[in-house]
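As they're listed, the protein sequences go chains L and S.
Sequential numbering of the first sequence, starting at 1, is according to the working numbering.
Sequential numbering of the second sequence, starting at 1001, is according to the working numbering.
Before any comments, here is the structure.
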Amino acid sequence: MTQTAAPLAPVLSDIWDADKPWTLRTYSDHHGYEAWKHAIRQEPASIVEVVKNSGLRGRGGAGFPTGLKWSFLPPPDGGPRYLVVNADESEPGTCKDIPLLMANPHSLIEGMAITSFAIGSNHAFIYLRGEVVHVYRRLLAAVREAREAGLLGTNILGTGYDLEITVHAGAGAYICGEETALLDSLEGRRGQPRLKPPFPAVAGLYARPTVVNNVESIASVPGIIRGGIDWFSSMGTEKSKGHGFFSLSGHVTRPGQYEAPLGITLRELLELAGGIRDGHQLKFWTPGGSSTPIFTAEHLDTPLDFDSVAAAGSMLGTRALQIFDETVSVVRCVTRWLDFYSHESCGKCTPCREGTYWLRAVLHRLEAGKGEEGDVDLLVDVANNIEGRSFCALGDAAATPVKSGIKYFREEFEQGMHTPAWELFPYGANALFTELAGAAR
Amino acid sequence: MTATATPKSGTPAAAEGVNVTIDGVEVSVPKGTLIIRAAEQIGIQIPRFCDHPLLKPAGACRQCLVMVATPDREGNVREMPKPQASCTMEVSPGMVVSTQRTSAVADKAQHGVIEFLLINHPLDCPVCDKGGECPLQNQAMSNGNAGSRFTDVKRTYAKPIKISTEILLDRDRCILCQRCTRFQEEIAGDPFIDLQGRGGGAPGGAEHGMLPQQIGRFDEGVLGFSGLGEGVRDVAETDNMVGPDGDAGLLSGISYTVGSAEMDATGRPFSSYFSGNTIQICPVGALTSATYRFRARPFDLVSVESIAEHDACGAAIRIDHRRDVVLRRLAGEDPAVNEEWITDKDRFAFPWQSLPDTVKTPLVRDEETGELVPTSWSEALALAAQGLAQAAADGGVGVLPGGRLTLEDAYAWSKFARVVLGTNDVDFRARAASDEEAEFLGHKVAGSSMDVTYADLESAPHVLLVGLEPEDEAGTIFLRLRKSVLAKKTSVTTLAPFATRGSTKVRAAVVTTAPGTEASTLAAIAAGGGELAELAEALRADGAVILVGERLAQVPGGLTAALELAGATGARLAWVPRRAGDRGAVEVGLLPGLLPGGRPVSDAEARVDVATAWGLDGDRSLPAEVGRDLATILRDAGSGDLAGLLLGGIDVEDLPGAGEAERAVREAGFVVQLEVRTSALTRYADVVLPVAPPSHKAGTFLTWESRPRPFGQVFATSSRSDAQVLDMLAAAMGGALGTHSLESVHRELSELAAWDGARQPAPSVPAEARAAAEGEYTLATWRLMLDAARGQDGEPYLAGTAHRPVVRVSAATAAGLDAADGDRLTVVGPLGSVTLPVLVTPMPDDVVWLPLHSPGSSLYRMLGVGSGGSVRLEPAARATTGEVLR
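What follows is the structure in structure tokens.
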């Protein structure tokens, strides 16, 4: 922190270096559950209003105003309403929610309590990616601790308000991060996206009004309640207020979680992270996971807020900054991403199911230097035939890396017609871990 | 009731129009209309695969993408950035839609999607059943690219797999539109297939252990699960299906490792009575039928619209034939009757009409050997005429025409009995019957117009089923009820001994009723109060319907009580027989006390009315006494009181009793049989006159609603209908029947239509108390849709989808016999016994259920009793589970 870089804004990560930060004791020692104890004595509507006015936008990628989403719920009709937290984090590169839940699960629990109270829900769910068993255990323990402390359960803090939180482990499908597929999966069905309308706010979980929010969005709520609108909006930019995790991975000296005000630039983040690994230069990077169009060195100073990134032709997404240096073949990278999207396509709609199958086949050909005349144009056209034609956003996400990769590095794809990528960019050169360097290819 | 009813015309109709513009053409459609339907109304076809008007929108195939623009708050029409699926989006006021005809973006999107659908689609078209009538093929031509840009390796599967004995699946042809799975879940309620796996997979199939998304049933043999431990037996049964390389085809659904949860209640892999519809709505050739596979090309087939002959529902069908051979039958479209669905029996059970046992020429007894030998029509008619005339003079001829006749043929039988044989000894009922039923039919059913229709079922707030299991006995009614129940318009109550799968699927409330107690239960409902007060109230609602099955005839007082309940509540009452000809037979008076049009025999005015229409005069009048019914005819024919029998399509297995029926026919004096195929009774006939099966003649079936369902002749043949044969027989006996043509029959029928005189009085039969002796159980039974009926002969693939016969007893009964699910139990009746696997079912302790006429469970022949009879139970030698499942 000796550099002149923009300051970090550790809020959710503030206590990560405290003793056992995942325990209720440590969390309470650092103002934990103060916001909940305050909020539960307020009018629910006033909490919605505060979150709305704070300018908090969804941290799951799309950036939809969180308070506004809550206000879409129809008026109470006496039946159940649900809060569902989307913790099915599985986008390539994205790695913010899992560490947060590992280190500070109570920030989410407290945020869920406040949110549930605000929207009139008595049962909230966490849909957690199933592979992270250690996080699952930690969440279960955190819920139990909070329950034993009277912060959840029945007649919470003597107010008469009841809340149960169910932690559900998914079975490992990327599609279940799509909110309606998540709801189907949570209901015990095959995880495939639903037709909209009806939207979850009207008929979500068990066909009841439901709010689906990202982990980080909900975990940010206690801070807003405790710190106030002014504190929250003092961070970030005009239209992208507050703090957020920036997850740097790849060819940087110190990869990791950097919680900072929105609007920080990659240049500033790289300074914090000690720059690109020694002796190498930035080649390309993703601003928010593999489904956001890639950026190059020319975007080093693009403010990482929703609107600036969009204006530069990409999406802020989940702020998963995958950094690739000049040793990396774009063709190889895009091919791996497409392997992922093809594997994770749920299969419901034609463009995504068949389009990713096709893109993948062509990309593997190009990576092996066996491309054919016209393959690059074919890739662009197939990607265009997927993008905007699929049932949900997964199809768009699959088209994005292909299109942006070709946009910035078309010549590398053209080279795939005669030279394998591993000859142009020896795979050993970019391996981060030496034991993998030998086995690369 | 009617006085307080609100007029239906007062309800706001769907007149609330929404104005939209599609490709520059303005159209007003009802609110809630999908864009794709609105476009159809102005003749614009948007290509589609997953869309089906009777299924819920899916939006899966993305073929129907169009550009949509809607007015914003200021009224500026703004185009949405992405093309939209027109099969999922409803119209909104001021919407402007541009289809592939006017939007280059929409056109490119559609070309892109069809290209995607084709990259992994095999070039099977030259050998595929669907080739020539394939939506994918057609739309690839009309909305696709001429060439292919895909040069990589296609996804392949072992093919085909059997998802039932009847339905085969080629997964590589499947475009995953989910029409089949949606049909099974939304319409039939038998989700025996579903999506499994994920994504597009890889050329070799599975990738990282993940199977590509595909349609299938839960079968480890296909899903390739491992580590299931010992005892995992792969699909190994030899079958008559051949794989692509001449090896044995993959079998699915036969695997013994399938757990109990995936079995249906009868212990076999799940099946559905309606599965054939999935083949028809499959927009590619992924689903094919074992019967039709590789048998024909659609463009070689001649299609004739017709009506299904297997039940009284009158489902519209299409018969496809080539060179005088029927190759398949499809569902016809009739929104008023079967919509677009038919039962598997209506679809697949057609070979019976052309089996080798078809009677091709008249047969007579050889004077020397006594054997039946072929002869000429003239000789056979002369012999039959002579014998019948003699028998009529000697003591009379009993007439048993059976329940499968067309209206026209039934009319000829009715007229022949009265005019030529001079008798009222005629009864169409080849099944358990009663006098009470005959009175009920004469009072309530005959001569009544369409009082309750399918549309009425769909709009009825409540439907009470008595002695009727629609899924087994009237599939089209079942589907319509289920549709209405799922739409939350109708609720259903059934009087039955237990909750069947069928009644579960229409979410019916079950009033547990042991056979024989229906009458007292109905009376209790009519009396009101108690637990049944709510049901009585539901039946008082405007539009409520009571459906009684033909089985209620076996319950003394049942039909009386049903009439009284209808009278007490104002609910409308309809009678649902099982056979296609039953309703028409009632209409033309094929009953001992009934003349055509509901005219009672006992009414002199009615007799004069009919005699006049039939041109009888002077000393020639109609017999005035009510004739003998089925049981009496058989008894008197056996004893010699009747000197002859004239038999129509009668299966001796259908006739109640303990073998008396067959004995009676054997002992009968002179027997003439009019049959399509030789039957068990043919051996006792003196003269056999061949008559045409339905596909060889034209005619009309009356549905249970009394809706006429005319159908045309499929083939040009020399076969003669019953009406024509009887006309010739009458001529040979010196009379004139005038039934040689449909026109003449129709002319007479229209003359006899309107009878405004009194009907037969309502039956008044008291309910009987049930008295079960110690150690005896009351038998509950009915016909399953797919069973051992002769109408399903020649269709082994269909037979494979039938429910396995089981014996159902209560848990207490099973415990008393030390029997558990899968054990075998022997049911003992007066004639013999039936041994079947046990299925413990929540039902009354003193009742036992087994199918009436399924393989190994033909109760009249094997036990000698039917529904309501008394039987005993004995544990059978224990069998292993594996054997039972076979």
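From the three backbone atoms N, C-alpha and C, an ideal C-beta is built for every residue, glycine too.
None of these values were measured; they are calculated from a predicted model.
Open item on the list: I'd like the list of long-range same chain contacts for R1198/S, defined as Cβ closer than 7 Å, with 5 residues on each side in sequence excluded.
Closed with: The residue you call residue 1198/S lines up with position 198 of the second sequence. Here the set comprises M1210, Q1213.
TODO: Indicate whether T1569/S and G1475/S have their beta-carbon atoms separated by less than 9 Å.
DONE: Against the second sequence, residue 1569/S aligns to sequence position 569. Against the second sequence, residue 1475/S aligns to sequence position 475. Cβ atoms of T1569/S and G1475/S: not closer than 9 Å.
Open item on the list: Can you tell me whether P1071/S is helix, strand or coil according to DSSP?
Closed with: Taking the second sequence and counting its residues from 1, one reaches residue 1071/S at position 71. It is a strand residue.
TODO: Can you give me the Cβ contacts of R1101/S inside the same chain, cut-off strictly under 7 Å, excluding the 5 residues immediately before and after it?
DONE: Along the second sequence, read from residue 1 onward, the residue named residue 1101/S stands at position 101. For R1101/S, where only same-chain residues beyond five positions count, the Cβ hits under 7 Å are D1023, I1044.
Open item on the list: Given this structure, state the Cα-to-Cα distance separating T166/L from A173/L, to the nearest angstrom.
Closed with: Translated into the one-based positions of the first sequence, residue 166/L becomes position 166. Translated into the one-based positions of the first sequence, residue 173/L becomes position 173. Each residue's Cα considered, the two are about 19 Å apart.
TODO: State yes or no: is the beta carbon of I972/S nearer than 9 Å to at least one beta carbon in chain L?
DONE: The structure shown does not extend to residue 972/S, since chain S is modelled only from 1001 through 1886, so no value can be given for it.
Task: Own chain partners of L1301/S with C-beta closer than 7 Å, once the 5 adjacent residues on each side are dropped - done: Numbered from 1 along the second sequence, position 301 holds the residue referred to as residue 1301/S. The residues are D1320, H1321, R1322, L1327.
- [ ] Please compile the residues from chain B whose C-beta is within a distance smaller than 7 Å of the C-beta of P1057/S.
- [x] Within the model displayed, chain B is absent; protein chains L and S are what it includes.
TODO: Measuring only between beta-carbons, confirm whether I406/L sits less than 9 Å from chain S.
DONE: The sequence position of residue 406/L within the first sequence is 406, counting from 1. Taking Cβ atoms only, chain S never reaches closer than 9 Å to I406/L, which makes this a no.
Task: Between the CA atoms of A1754/S and E1625/S - distance to the nearest angstrom - done: Counted from its first residue, the second sequence places residue 1625/S at position 625. Counted from its first residue, the second sequence places residue 1754/S at position 754. Computed Cα separation, rounded: 23 Å.
TODO: Please go through the same chain and pick out, in chain order, the residues whose beta-carbon is closer than 7 Å to the beta-carbon of S1602/S, but skip the five residues on each side of it.
DONE: One-based indexing of the second sequence puts residue 1602/S at position 602. Excluding residues within five positions, the ones whose Cβ falls inside 7 Å are G1593, V1626.
Task: Coarse secondary structure for K407/L, derived from DSSP in three states - done: Your numbering for residue 407/L matches position 407 in the first sequence. K407/L falls in the helix class under three-state DSSP.
- [ ] Count the other C-beta atoms from every protein chain shown that fall within 10 angstroms of the C-beta of Y965/S, then say buried if there are 16 or more, exposed otherwise.
- [x] Because chain S in this structure spans residues 1001 to 1886, residue 965/S falls outside the shown range and cannot be described.
- [ ] Would you list, in chain order, the members of the segment 167-180 of chain L that have their beta-carbon closer than 9 Å to a beta-carbon of chain S?
- [x] Within the segment 167-180 of chain L, contact with chain S at the beta-carbon level (separation under 9 Å) is assigned to A173, I175.
- [ ] Could you list which residues in chain S have their beta carbon closer than 9 Å to that of K348/L, in chain order?
- [x] Here the question's residue 348/L lines up with position 348 in the first sequence. Ordered by position in chain S, the residues that pass the 9 Å Cβ test against K348/L are A1058, G1059, A1060, L1176, Q1178, L1195, Q1213.
Open item on the list: Starting from D1194/S, trace the beta strand (DSSP E) in both directions and tell me its first and last residue.
Closed with: Counting from 1 along the second sequence, the entry for residue 1194/S is found at position 194. Where D1194/S is concerned, the enclosing beta strand (DSSP E) stretches over 1194-1196.
TODO: Excluding the 5 residues preceding and the 5 following I156/L in the sequence, name in chain order all residues of the same chain whose CB lies nearer than 8 Å to its CB.
DONE: Here residue 156/L is taken as the residue at index 156 of the first sequence, counted from 1. Excluding sequence neighbours, I156/L sits near I40, A113, G150, D162, L163.
TODO: State yes or no: is the C-beta of A1637/S nearer than 8 Å to some heavy atom of the ligand MN?
DONE: Because no ligand of any kind appears in the structure shown, any question about the ligand MN cannot be addressed here.
- [ ] Report the three-state DSSP secondary structure of G1267/S (helix, strand or coil).
- [x] Translated into the one-based positions of the second sequence, residue 1267/S becomes position 267. Low local confidence applies: a pLDDT of 45 at G1267/S is under 50, so the model's placement there is unreliable, with the coordinate-based value given in what follows. Coil.
Task: Below-9 Å beta-carbon distance, Y82/L vs any chain S residue - done: Position 82 of the first sequence holds residue 82/L. So, not an interface residue.
Open item on the list: Pull the bridge partners of E1705/S from the DSSP assignment, please.
Closed with: Within the second sequence, numbered from 1, the residue matching residue 1705/S stands at position 705. Beta-bridge pairing links E1705/S to no other residue.
Task: Proximity of P1401/S and L1590/S at Cβ, strictly below 9 Å - done: Mapped onto the second sequence, residue 1401/S falls at position 401. Mapped onto the second sequence, residue 1590/S falls at position 590. Closer than 9 Å, so yes.
TODO: Rank L1355/S, P1030/S, G1734/S by C-alpha distance to the C-alpha of V1676/S and give the top, closest one.
DONE: On the second sequence, position 676 is the one that residue 1676/S refers to. Answer by Cα proximity: L1355/S.
Task: C-beta atoms of L1522/S and A1561/S nearer than 9 Å - done: Residue 1522/S sits at position 522 when you count from the first residue of the second sequence. Residue 1561/S sits at position 561 when you count from the first residue of the second sequence. In contact: L1522/S and A1561/S (Cβ atoms closer than 9 Å).
Task: Continuous beta strand (DSSP E) assignments of at least 3 residues falling wholly in the segment 1372-1436 of chain S - done: 1372-1374, 1397-1400
Open item on the list: Which residues in chain S have a C-beta closer than 8 Å to the C-beta of E351/L? List them in chain order.
Closed with: On the first sequence, position 351 is the one that residue 351/L refers to. Note that residue 351/L is Pro in the sequence shown here, rather than Glu. By Cβ distance, chain S contributes R1062, G1112, V1113, F1116.
- [ ] Below 6 Å CB to CB, which residues in the same chain sit around L379/L once its five sequence neighbours on both sides are set aside?
- [x] Taking the first sequence and counting its residues from 1, one reaches residue 379/L at position 379. Excluding sequence neighbours, L379/L sits near V362, V402.
Task: Opening and closing residue of the beta strand (DSSP E) in which L1030/S lies - done: Residue numbering aside, residue 1030/S sits at position 30 when the second sequence is read from its first letter. Checking the displayed sequence, the identity of residue 1030/S turns out to be Pro instead of Leu. Here the beta strand (DSSP E) through P1030/S covers 1025-1030.
Task: Per DSSP, cross-strand counterpart(s) of L338/L - done: Along the first sequence, one-based indexing puts residue 338/L at 338. Answer is none; L338/L lacks a bridge partner.
- [ ] Report the partner residues of D1334/S according to the DSSP bridge assignment.
- [x] Here residue 1334/S is taken as the residue at index 334 of the second sequence, counted from 1. Answer is E1339/S, bridged to D1334/S.
- [ ] Helix, strand or coil for S1741/S, going by three-state DSSP, please let me know.
- [x] Against the second sequence, residue 1741/S aligns to sequence position 741. Coil, per DSSP.
Open item on the list: Just verifying my parser: in three-state terms, what is the DSSP assignment at E142/L?
Closed with: For the purposes of this step, residue 142/L is taken as the residue at position 142 of the first sequence. It is Ala, not Glu, that sits at residue 142/L in the sequence shown. Helix, per DSSP.
Task: Neighbour list for D1023/S in chain L, Cβ cutoff strictly below 9 Å - done: Counted from its first residue, the second sequence places residue 1023/S at position 23. Under the 9 Å cutoff, chain L gives no residues; its nearest Cβ is about 20 Å from D1023/S.
Open item on the list: What residue range does the beta strand (DSSP E) around Y161/L cover?
Closed with: To locate residue 161/L, count along the first sequence from 1; it is residue 161. Element bounds for Y161/L: 161-169.
Task: V1871/S at chain L interface by Cβ criterion, 9 Å - done: As a working mapping, residue 1871/S is identified with position 871 in the second sequence. Not one chain L Cβ lies under 9 Å of V1871/S.
TODO: Jot down the residue ranges of each uninterrupted alpha helix (DSSP H) in the segment 1804-1882 of chain S, minimum 4 residues, whole runs only, in chain order.
DONE: 1811-1816, 1859-1862
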